[in-house]
Ligand code: 6LW
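Numbering (the working numbering), first residue to last: 82 to 586.
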């Protein structure tokens, strides 16, 4: 059945909001697939599907079992899984990605269905550094290109490399961090797309072309072909891109960007998100304008927007693919079977500040939102947290007798409010991510987090409102974004449901 054409509509950018950086996209027939970085979280490498490049649905995670992803306890926040490349070649999907840290390196997994299962990893010890790309030439030779930018010949089915990595092209003179390479054969040329300037405000995208996948490469005279550096555009840090053709043959770029909020210097709290931008070709070079706040309605049929389930009732044996936990998620500590219809979290000694934390959450995807959860803390202590990382989080925590709001910012940790639980240990905990408090001046933060409890009749009692800047990348550092979720700090804590509701700005 033909899909409805909605030529008058435009669509919100980012197309995949929340902490979904380093997008890599590939097209197979009418279907598009996209993979992102996941850093210290398990499962790793979220995968999305779309028919129209605008509406994306998460179909799984490429690294979703311990035989594929073992993140050691020492893996710090923003360590772990960096920058995948997803490609389709010879009837299968290939995903190459770096595990940064102890026991890491570059690894390759394959699948015939990107929804999984993906293979166990093949390691490629001869591939150095981060941001590996895979490209096959006409003879079927596979070239792996990495940040720097350097290249080595690779057999992706064994991980064996041939020869030593050789430098290719490192972007504009003086620009730092040439990275995120992707190599494509388009028409008569091989194009080498890279990011440069670092993943902060100076981020940008540059390109070079040459006669073969190994070069020599001639830079585009208009480099950087995309950057928002030095502008007051609401989307900043734009870079780390990948190219793809739309269903009608037009060209598009997926890339990462951030939305800083508040006064000066601006704080972004949702991490680096995935945006879509149209590309035109002029004289054999891609031209990208500014990344639009709204994607102009493309000239092809659009699939219906996916309906996001607002509430997780924990009625399924497995958590939905959007749920992530730091480093691992062993069944002894996380499960929906012990008390059917509830998520049971069993602490393993660590609090939210510790590597052993038992925490399961989902990315905050909207600048304004509300999260609620029913907690039963009769046999433990735990609650609802907004986490940027283990050193930057705010939470509302219940025990059998009381509830308290805790703020952790760097080495400071304080209980900012507490009160007895009038209705017993089964309670609705709630956090509203809303407008920053007045006054609105140069120092205003990006948002405010109000924590409280809901009575059985729905009445909300706020316990504390905290400035959201302390849960931003500009304060915490690193590559991730906010994750909202549930945790157990002591004993066993059960959660009947978790509800995430986007709110109007
Ligand atoms: C990634 C690099 C980058 O490896 O940030 O923005 C690093 N680009 O390409 C972490 O995501």
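Glycine included, every Cβ here is placed at the ideal spot set by N, Cα and C. Predicted model only: the values in this text are computed from it and were never measured.
Closest Cα partner of residue i within the set the options
i	options	result
residue 323	529, 215 and 408	215
residue 147	270, 585, 409 and 255	409
residue 138	529, 116 and 365	116
residue 434	573, 467 and 517	467
residue 478	288, 464, 361 and 472	464
residue 507	252, 458, 108 and 440	458
residue 481	461, 256, 131 and 500	461
residue 475	504, 222 and 514	514
residue 119	159, 330, 448 and 275	159
residue 520	548, 370, 155 and 267	548
residue 600	252, 269, 124 and 268	Residue numbering for the chain in the displayed model covers 82 to 586; residue 600 lies beyond these limits and cannot be assessed.
residue 371	471, 233, 505 and 285	285
residue 270	491, 365 and 105	365
residue 217	199, 155 and 295	295
residue 265	536, 317, 200 and 332	332
residue 448	571, 263 and 530	530
residue 152	180, 317, 423 and 202	180
residue 143	109, 192, 393 and 436	192
residue 450	267, 425 and 532	532
residue 281	572, 571, 573 and 558	558
residue 103	416, 335 and 538	335
Proximity of residue i and residue j at Cβ, strictly below 7 Å
i	j	result
residue 348	residue 550	yes
residue 509	residue 545	no
residue 213	residue 227	yes
residue 350	residue 553	yes
residue 189	residue 177	yes
residue 346	residue 141	no
residue 246	residue 261	no
residue 291	residue 300	no
residue 107	residue 167	yes
residue 125	residue 352	no
residue 328	residue 250	no
residue 136	residue 384	yes
residue 279	residue 258	yes
residue 472	residue 491	yes
residue 109	residue 169	yes
residue 395	residue 424	yes
residue 537	residue 154	no
Cβ neighbour criterion (16 or more within 10 Å) applied to residue i
i	result
residue 243	exposed
residue 406	buried
residue 496	exposed
residue 588	Outside the shown range of the chain (82 to 586) lies residue 588, about which nothing can therefore be said.
residue 430	exposed
residue 194	exposed
residue 183	exposed
residue 83	Residue confidence is low: residue 83 scores 35 on pLDDT, short of 50, so the model does not pin down where it sits. No coordinate-derived value is stated.
residue 302	exposed
residue 254	exposed
residue 566	buried
residue 397	exposed
residue 432	buried
residue 493	exposed
residue 287	buried
residue 88	Caution applies to residue 88, whose pLDDT of 44 falls short of 50 and renders its modelled position unreliable; the value that the coordinates give is listed next. When all chains shown are included, residue 88 counts as exposed.
residue 421	exposed
For residue j and residue i, believed in contact at Cβ under 8 Å, the rounded distance
i	j	result
residue 469	residue 484	Between residue 484 and residue 469 the Cβ distance is about 22 Å, and since that is not below 8 Å, they are no contact.
residue 343	residue 527	4 Å
residue 99	residue 444	4 Å
residue 576	residue 412	Actually they do not touch by this definition, with Cβ atoms about 16 Å apart.
residue 360	residue 92	Contact doesn't hold; Cβ gap of about 17 Å is too wide.
residue 337	residue 320	6 Å
residue 439	residue 427	7 Å
residue 379	residue 134	7 Å
residue 541	residue 500	Residue 541 to residue 500, Cβ: 14 Å. No contact.
residue 211	residue 164	6 Å
residue 273	residue 369	Not really, about 16 Å apart at Cβ, beyond 8 Å.
residue 172	residue 204	At roughly 23 Å, the Cβ-Cβ gap does not stay under 8 Å, so residue 172 and residue 204 are not in contact.
residue 145	residue 197	7 Å
residue 582	residue 391	6 Å
residue 113	residue 128	Not really, about 11 Å apart at Cβ, beyond 8 Å.
residue 578	residue 393	6 Å
residue 388	residue 574	That belief does not hold up - the Cβ atoms of residue 388 and residue 574 are roughly 30 Å apart, past 8 Å.
Short CB-CB distance (under 7 Å) between residue i and chain C
i	result
residue 422	Any reference to chain C falls outside this structure, which holds one protein chain only.
Could you name each continuous alpha helix (DSSP H) segment of 4 residues or more that falls completely within the region 544-575, going from the start of the chain to the end?
-> 554-557
Return the chain-ordered ranges of every beta strand (DSSP E) run that is complete within the region 392-478 and spans a minimum of 3 residues.
-> 424-427, 439-444, 450-457 and 461-470
In chain order, which alpha helix (DSSP H) runs of at least 4 residues are fully inside the region 321-394?
-> none
Which full runs of the beta strand (DSSP E) of 3+ residues lie inside the region 213-289, going along the chain?
-> 214-217, 223-227, 231-236, 241-248, 260-267 and 270-277
Just list the alpha helix (DSSP H) runs in the region 471-518, keeping only unbroken ones of 4 residues or longer that don't cross its boundaries, in chain order.
-> none
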